[in-house]
Amino acid sequence: HELVHAFDFSRAKLDETNCEHVACTEIRAWNLGGQCDLWTQSWNMMSEYPFGSAKQKCIRRGVHASLRENRHCSDSDVATRCTEKVWDRCFADYWPFTVAPDLDNRWRQSPYQPSSR
280 HELVHAFDFS RAKLDETNCE HVACTEIRAW NLGGQCDLWT QSWNMMSEYP
330 FGSAKQKCIR RGVHASLREN RHCSDSDVAT RCTEKVWDRC FADYWPFTVA
380 PDLDNRWRQS PYQPSSR
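With my numbering as the guide, the letters of the sequence shown map in order to residues 280 to 396.
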């Protein structure tokens, strides 16, 4: 989660007083960070069908809570409005990954482990 924020702040000119900028990096961090993946939230998502909407609901809750902690975005209406405004673009942004990490099931040899060959 925090590495996504670090990446976003290093690649873009994010203004921490701009609630849309903060909402976008929060959407990316909650989406790519794994806190709302099926396996980490399985007990919370059991009652929600379809599971895809459960993940998005989890991300929205997390983003809203994070925005409310930012003194510039603490108003609930501002947090909701900014999240909705940037949702589609930021939810679909997986950079530096080419696809959502939870959908990338290609096996790769770790550069940190010796090859078994």
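Cβ coordinates follow ideal geometry from the N, Cα and C atoms, glycine included.
None of the values given here were measured: they were computed from a predicted structure.
What's the C-alpha gap between residue 377 and residue 288?
-> 19 Å
Could you tell me the distance, in whole angstroms, from the CA atom of residue 342 to the CA atom of residue 300?
-> 12 Å
Among the residues of its own chain, which have a CB less than 7 Å from the CB of residue 364, if the five just before and after it don't count?
-> 299
Looking at the structure shown, is residue 335 part of a helix, part of a strand, or coil, going by DSSP?
-> helix
Residues near residue 284 by beta carbon distance below 7 Å, same chain, minus five either side = 304, 308
Secondary structure of residue 376, DSSP reduced to three states | If DSSP states are grouped into helix, strand and coil, residue 376 belongs with coil.
Limits of the unbroken alpha helix (DSSP H) element including residue 294 = It is not in any alpha helix (DSSP H) - residue 294 carries neither H nor E in the DSSP assignment.
Figure out for me which residue from 286, 345, 350 has the closest Cα to the Cα of residue 296.
-> 350
CB-CB length for residue 306 against residue 352, believed under 8 Å = The pair is not a contact, with the Cβ atoms about 13 Å apart (cut-off 8 Å).
Limits of the alpha helix (DSSP H) - the one that residue 350 falls within | Residue 350 -> no alpha helix (DSSP H), and no H or E assigned at all.
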